[in-house]
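In mature numbering (1 follows the signal peptide of the UniProt record, and there is no 0), the protein residues as written are -31 to -1, 1 to 369.
Okay, so here's the structure we're looking at.
If you want it as structure tokens, here you go:
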């Protein structure tokens, strides 16, 4: 068979699905007798004087855990101007807590008269759970002059001041030319040695070819010890494609669901609200591809969101085996399984329309939009008619 070029590969995967996610199944490792190969692009020479060791993210971006007490940490705080089904106007704080005691919020010296907790869907009864603390803006306080919120438990004296990290605008006021980038990707966690430099290079370069403007990767610097991986991350952070976000839990990762990934996903959603027009949530061994060779990824996604009331699209997985370990893996493995995987989905969203996001899909939308009819669409979990849809008819019927 003739050797595949990058252009031939892209043309081929354009013909696989309208929008699908390609997920690579684990292949043989070095222990299976298949030698591993290194890229010659970067990392061939050992850097001197710890030049590429990322002791701090290059852009000083990190998720901070501010301790209130032994049972509560405050993370990102944000002002929320969206007048939707989650209340208006509110200052909100992402928190990890072990108990749902009553909290108090002080905003610009005034006490909020309406304070509530919103529980995330994927806490799974773990010791530490993720919540949003909702603090209604006191009368007479200028929303745009709020730079922090002071929170405490009603029965305790401990207090913590949480700076405002994000300002979320009313989604109806945003116009297409106001976004900084067209498309971004959130990678919620880079687990230790799960992905080496080769896979990171392939992931970033393939998505760059498809028009992705920014990739956010959440990582714990103490877990990434491989020199070439550090050098690779540093290289892409320098050129502006990659934004590294330090994410380090202040408690044992086993005490919160899936290493606290939900907190990283939520922070990334907030970072992209008003910044990216469309944001994808998936891992490094997955990618979205369009089928129509006449359309780019951006054009394809834009068609999926032609209805302005749709805030999220979930897609089924298409598995591709990585039996061939010759690098680049994405060029040398093109055989997929026949069936689609409908249980483990990934999604692309309009960030400003989503309140609660997980990796598989959007759990709560900010507005009570009506779902578009037909096309095999059905709503994802919501408390009102939501802007989230599940599309099981993305692929054309298989021709035997």
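Glycine included, C-beta positions come from ideal geometry on N, C-alpha and C.
Fair warning: this is a prediction, and the values are worked out from it, not measured in the lab.
Q. Relative to the C-alpha of residue 132, which residue among 63, 46 and 195 is closest?
A. 46
Q.
On the CB-based measure, 16 or more other CB atoms within 10 Å of its CB, does residue 241 come out buried or exposed?
A. buried
Q | Per-residue DSSP class, three states only, for residue 17 | A | Residue placement at residue 17 cannot be trusted, given a pLDDT of 43 that sits under 50; what the coordinates show is reported in the next sentence. If DSSP states are grouped into helix, strand and coil, residue 17 belongs with coil.
Q. Given that a residue counts as buried once 16 or more other Cβ atoms are within 10 Å of its Cβ, and exposed if not, what is residue 130?
A. exposed
Q) Comparing the C-beta of residue 87 with each C-beta of chain B, is any distance below 7 angstroms? A) Going by chain labels, chain B is absent from the structure shown, which holds only one protein chain.
(Q) Could you pull the DSSP bridge partners for residue 128 from this structure? (A) 121
Q. Leaving out five residues before and five after residue 48 in sequence, what residues of the same chain have Cβ atoms less than 7 angstroms from its Cβ?
A. 60, 112, 115, 133, 136 and 137
(Q) Starting from residue 30, trace the beta strand (DSSP E) in both directions and tell me its first and last residue. (A) Unbroken run through residue 30: none, as it is neither H nor E.
Q) Ordered along the chain, which non-local residues of its own chain (more than five positions away) have a Cβ less than 6 angstroms from that of residue 128? A) 119 and 121
**Q.** Other residues of its chain near residue 247: CB distance less than 6 angstroms, five sequence neighbours each side excluded
**A.** 152, 270 and 317
Q.
Just to confirm, is the Cβ distance from residue 230 to residue 157 under 7 angstroms?
A. yes
Q) Are there 16 or more other CB atoms within 10 angstroms of the CB of residue 306, so buried, or fewer, so exposed? A) exposed
(Q) Please identify the residue among 314, 325, 75 and 41 whose C-alpha is closest to the C-alpha of residue 257. (A) 314
Q) Does the stretch 260 to 267 come close enough to the stretch 288 to 298 that 3 or more CB-CB pairs lie under 8 angstroms? A) no
**Q.** Under 7 angstroms between C-beta atoms of residue 170 and residue 211
**A.** no
Q: Helix, strand or coil for residue -4, going by three-state DSSP, please let me know.
A: Residue placement at residue -4 cannot be trusted, given a pLDDT of 39 that sits under 50; what the coordinates show is reported in the next sentence. In this structure, residue -4 counts as coil in the three-state DSSP scheme.
Q: With a cut-off of 8 angstroms on the beta carbons, I'd call residue 66 and residue 100 a contact; round off their distance for me.
A: 6 angstroms
Q | Distance CB(residue 296)-CB(residue 167) smaller than 7 angstroms | A | yes
Q: Check residue 322 in the structure and name its three-state DSSP category.
A: helix
Q: Taking only the alpha-carbon atoms, compute the straight-line gap between residue 144 and residue 279 and give it to the nearest angstrom.
A: 16 angstroms
Q) Anyone know if the C-beta pair for residue 107 and residue 79 falls short of 7 angstroms? A) yes
Q) Looking only at its own chain, which residues have a Cβ that is under 8 angstroms from the Cβ of residue 176, when we skip the five neighbours before and after it? A) 154, 184 and 256
Q. From residue 237 to residue 308, what does the alpha carbon distance come to, in whole angstroms?
A. 31 angstroms
Q) Quick one: is residue 382 buried, meaning 16 or more other Cβ sit within 10 Å of its Cβ, or exposed? A) A query on residue 382 cannot be resolved here, the shown segment of the chain reaching from -31 to 369 and no further.
(Q) Could you compute how far the alpha carbon of residue 201 sits from the alpha carbon of residue 254? (A) 17 angstroms
Q.
Less than 7 angstroms between C-beta atoms, sequence neighbours within five positions excluded: which residues of the same chain meet that for residue 226?
A. 91, 92, 93 and 95
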